[in-house]
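**Student:** Protein chains in written order, with this note's numbering: chain A, 27 to 139; chain B, 6 to 120.
The beta-carbon is built from N, C-alpha and C at its ideal position, and this holds for glycine as well.
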């Protein structure tokens, strides 16, 4: 009954390093999402996925890569981390399209030094 | 393009007071969905309510109530007899039928309930 989990919960890295944030959901939801939350900007969509092997860009995709080989997992990779990517990252999932609610994971606080 | 505005960035009340959080939205779609989420100090995002554009009935859940008015494009949230545990950031969000289930969030309202 884990629902949606994210790992790690906290991460400190250095500029230029590759970082992968993990997201796992146990509901078999079709849709999964990645958001970042920054002071002054609220939550902004980075990428989303409608199903395994189907991904699409959101509002702020630059500097991020996603993949979805399995329905339950949706990792987010920062290929070369920058300080501007210091943020809290939330993963979410929903069963279907706009009729369904998005449920959020606990978040990952990422600091890029 | 869809947009959500929460004009109140911060509200402070004393316990047991009633408080209303405002949410105004913009959309060109005729079918859309409105949401409220709560983010307590622990940081997680908790779903509170979903409303579709064809259902303007107000909803009450315990001390929480929501007033949806299409005529003013507003979806306001009222907490009656506020409690310290209501202290959180509250987000209003909008999803359009034609936007692939993407949520657009307002900037959030930080509610502080003082004992």
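(1) So with Cβ pairs under 7 Å, would you call residue 34 of chain A a contact of chain B?
(2) Assign residue 65 of chain A to buried or exposed, taking buried as 16 or more other Cβ atoms, counted over all protein chains shown, within 10 Å of its Cβ.
(3) For residue 83 of chain B, name the three-state secondary structure that DSSP assigns.
(4) How would you call residue 19 of chain B, buried or exposed, if buried means at least 16 neighbouring beta carbons within 10 angstroms?
(5) Using the rule of at least 16 other Cβ atoms within 10 Å of the residue's Cβ for burial, across every protein chain shown, is residue 91 of chain B buried or exposed?
(6) Quick check: what's the CA-CA separation for residue 104 of chain A versus residue 74 of chain A?
(7) Could you tell me which whole beta strand (DSSP E) segments of length 3 or greater appear in the segment 100-136 of chain A?
(8) Please classify residue 78 of chain A: does DSSP put it in a helix, a strand, or coil?
(9) Within 10 Å of its beta-carbon, does residue 95 of chain A have 16 or more other beta-carbons around it, so buried, or fewer, so exposed?
**Tutor:** A quick look at the data gives this:
(1) The residue given as residue 34 of chain A occupies position 8 in the first chain. It does not; no Cβ of chain B falls within 7 Å.
(2) Reading the first chain from its first residue, position 39 is the one you call residue 65 of chain A. With fewer than 16 Cβ atoms within 10 Å of its Cβ, residue 65 of chain A is classed as exposed.
(3) Walking along the second chain from the start, residue 83 of chain B turns up at place 78. Strand, per DSSP.
(4) Start at 1 with the first residue of the second chain, and residue 19 of chain B comes out as number 14. So residue 19 of chain B counts as exposed.
(5) Against the second chain, residue 91 of chain B aligns to sequence position 86. Classification of residue 91 of chain B: buried, given that the 10 Å Cβ count is 16 or more.
(6) As a working mapping, residue 104 of chain A is identified with position 78 in the first chain. As a working mapping, residue 74 of chain A is identified with position 48 in the first chain. For residue 104 of chain A and residue 74 of chain A, the distance between alpha carbons rounds to 15 Å.
(7) 102-104 and 113-120
(8) Taking the first chain and counting its residues from 1, the one referred to as residue 78 of chain A is at position 52. Residue 78 of chain A: coil per DSSP, three-state reduction.
(9) As a working note, residue 95 of chain A is residue 69 in the first chain. Label assigned to residue 95 of chain A: exposed.
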